[in-house]
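Undergrad: In this note's numbering, the protein residues as written are 4 to 353. A virtual CB, placed ideally from N, CA and C, is assigned to each residue, including glycine.
Below is the structure:
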């Protein structure tokens with residue numbers, strides 16, 4: 004068995020006062036940016052405010068969507084950029100920025116290629132909400148994608164000796180002659196670090212109650228599955244230097260989240276993608292499980308607060324390794340037959 008990889012952040016005494024590029028955030032976007040910058044001959048640094056590395060990426064479980072990939076060809080899946088665009092456009096309520104969406108859907112395959120070239124293989128496929136074909140890429144181990152990606156990317160950060168400092172919070176972007184020139188930050192002491200470029204890889208604001216209260220106060224009653232650091236830091240930093248904000252009210256609600264436990268657990272979409280069904284308290288299906296997240300969420304909300312059950316069999320469990328974790332924390336109830344399962348969760352087996 005391979006030895007478990009353990010990443011150690013850079014010690015503060017190694018912090019320099021200048022880097023070619025400063026990356027704020029240590030999730031998938033931040034780690035990838037740092038690796039690419041290094042491979043282009045630049046000197047990058049990653050600044051992470053939390054004491055845990057990986058951001059929201061560590062909580063991703065189902066996979067990564069991309070079309071026209073070599074993985075799809077290997078699995079004899081025919082897909083197109085156009086289908087990916089159209090299905091994502093519908094999933095976004097047709098409010099997407101067309102140019103950005105076109106870029107995203109036409110470059111996803113290059114991201115799969117980049118990962119593969121670095122030995123980070125997403126060579127299995129499943130399907131997720133709002134999609135009509137298998138384009139959700141994941142590791143063949145069927146392990147949750149987030150932890151896998153962060154671990155493999157951190158191996159490159161360690162190999163390239165890219166400095167990654169945790170517990171350093173950037174408070175301001177510095178501007179000189181109309182250009183970003185550095186950052187101010189707080190760690191063990193106040194810091195000023197100079198640079199030619201800053202990459203904001205800070206994620207969203209799902210855990211930021213102040214921004215939610217401002218833009219989507221109706222969601223404050225829900226508990227977030229975001230990691231605690233997802234408080235919109237990048238939004239605030241950019242706004243302070245004149246950036247214009249768009250679509251701040253477009254906050255997605257995931258339909259399958261266990262809300263009545265001490266910690267809110269997101270049940271990954273791959274569970275439904277592999278065939279699990281949603282039933283109400285009368286043990287009846289009430290929605291197409293692979294409809295868009297917005298529509299599935301609405302269907303569950305329309306049940307009147309009773310919630311819903313995800314029903315799956317052993318084969319689905321084998322295809323989604325995250326279910327082992329859900330079982331470990333007590334979210335899974337089992338029965339050898341439908342009747343026994345129904346009895347356990349107090350539903351009518353008929």
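Between the C-alpha atoms of residue 238 and residue 177, what's the straight-line distance to the nearest angstrom?
TA: As a first step, residue 238 must be located in the chain shown, where it is residue number 235. As a first step, residue 177 must be located in the chain shown, where it is residue number 174. Those two C-alpha atoms are separated by around 15 Å.
Undergrad: Check whether the Cβ atoms of residue 213 and residue 232 sit closer than 9 Å, and answer yes or no.
TA: Taking the first residue of the chain shown as position 1, residue 213 is located at position 210. Taking the first residue of the chain shown as position 1, residue 232 is located at position 229. The answer is no: Cβ separation not under 9 Å.
Undergrad: Tell me the DSSP secondary structure of residue 197 in three-state form.
TA: Counted from its first residue, the chain shown places residue 197 at position 194. Three-state DSSP puts residue 197 in a strand.
Undergrad: Could you tell me which whole beta strand (DSSP E) segments of length 3 or greater appear in the stretch 243-330?
TA: Entirely contained in the stretch 243-330, the beta strand (DSSP E) runs reaching 3 residues are, in chain order, 280-282, 312-314.
Undergrad: Within 10 angstroms of its Cβ, does residue 332 collect 16 or more other Cβ (buried), or is it exposed?
TA: To locate residue 332, count along the chain shown from 1; it is residue 329. It counts as exposed.
Undergrad: Look at the alpha carbon of residue 99 and the alpha carbon of residue 90, and state the distance between them as a whole number of angstroms.
TA: Counting from one through the chain shown, the residue named residue 99 turns up at place 96. Counting from one through the chain shown, the residue named residue 90 turns up at place 87. Taking the straight line joining both Cα atoms gives about 11 Å.
Undergrad: Indicate the three-state DSSP secondary structure (helix, strand or coil) for residue 154 in the structure shown.
TA: Locating residue 154 in the chain shown gives position 151, where the first residue counts as 1. Residue 154 falls in the helix class under three-state DSSP.
Undergrad: Quick one, which of 112, 346, 13, 24 has its alpha-carbon nearest residue 43's?
TA: Looking up residue 43 in the chain shown gives position 40. Of the listed residues, the one whose Cα sits closest to residue 43 is 24.
Undergrad: Is residue 288 buried or exposed, if buried means 16 or more other CB atoms sit within 10 Å of its CB?
TA: The sequence position of residue 288 within the chain shown is 285, counting from 1. Exposed is the call here.
Undergrad: With a cut-off of 8 Å on the beta carbons, I'd call residue 54 and residue 172 a contact; round off their distance for me.
TA: Stepping through the chain shown from its first residue, residue 54 is reached at position 51. Stepping through the chain shown from its first residue, residue 172 is reached at position 169. Residue 54 to residue 172, Cβ: 11 Å. No contact.
Undergrad: Do residue 202 and residue 27 count as a contact pair if the criterion is CB distance below 9 Å?
TA: Taking the first residue of the chain shown as 1, we reach residue 27 at position 24. Taking the first residue of the chain shown as 1, we reach residue 202 at position 199. Yes. Within cutoff.
Undergrad: Can you say whether residue 51 is buried or exposed, counting buried as having 16 or more other CB atoms within 10 angstroms of its CB?
TA: Along the chain shown, read from residue 1 onward, the residue named residue 51 stands at position 48. Buried, since its Cβ has 16 or more Cβ neighbours within 10 Å.
Undergrad: Compare the beta carbon distance of residue 74 and residue 15 with 9 Å and say whether it is the shorter of the two.
TA: Numbered from 1 along the chain shown, position 71 holds the residue referred to as residue 74. Numbered from 1 along the chain shown, position 12 holds the residue referred to as residue 15. No, they are not a contact pair.
Undergrad: Let me confirm a value: residue 140 is counted as buried when at least 16 other C-beta atoms fall within 10 Å, else exposed. Which label applies?
TA: As a working mapping, residue 140 is identified with position 137 in the chain shown. It is buried - the Cβ of residue 140 has at least 16 other Cβ atoms within 10 Å.
Undergrad: On the three-state DSSP scale, how would you describe residue 168?
TA: The count along the chain shown starts at 1 and reaches residue 168 at position 165. Correct three-state label for residue 168: strand.
Undergrad: Contact between the stretch 317-324 and the stretch 271-281: three or more CB pairs below 8 Å?
TA: The stretch 317-324, when compared against the stretch 271-281, does touch it at the 8 Å Cβ threshold.
Undergrad: Could you have a look at residue 237 and say whether DSSP puts it in helix, strand or coil?
TA: Walking along the chain shown from the start, residue 237 turns up at place 234. Three-state result, residue 237: helix.
Undergrad: Can you look up residue 88 in the DSSP assignment and give me helix, strand or coil?
TA: Looking up residue 88 in the chain shown gives position 85. Helix, per DSSP.
Undergrad: Can you grab the Cα-Cα spacing for the pair residue 392 / residue 329, in whole Å?
TA: Given a span of 4 to 353 for the chain in the structure shown, any question on residue 392 remains unanswerable.
Undergrad: Determine, for residue 257, whether the minimum Cβ-Cβ distance to residues of chain B falls below 9 Å.
TA: Within the model displayed, chain B is absent; a lone protein chain is all it includes.
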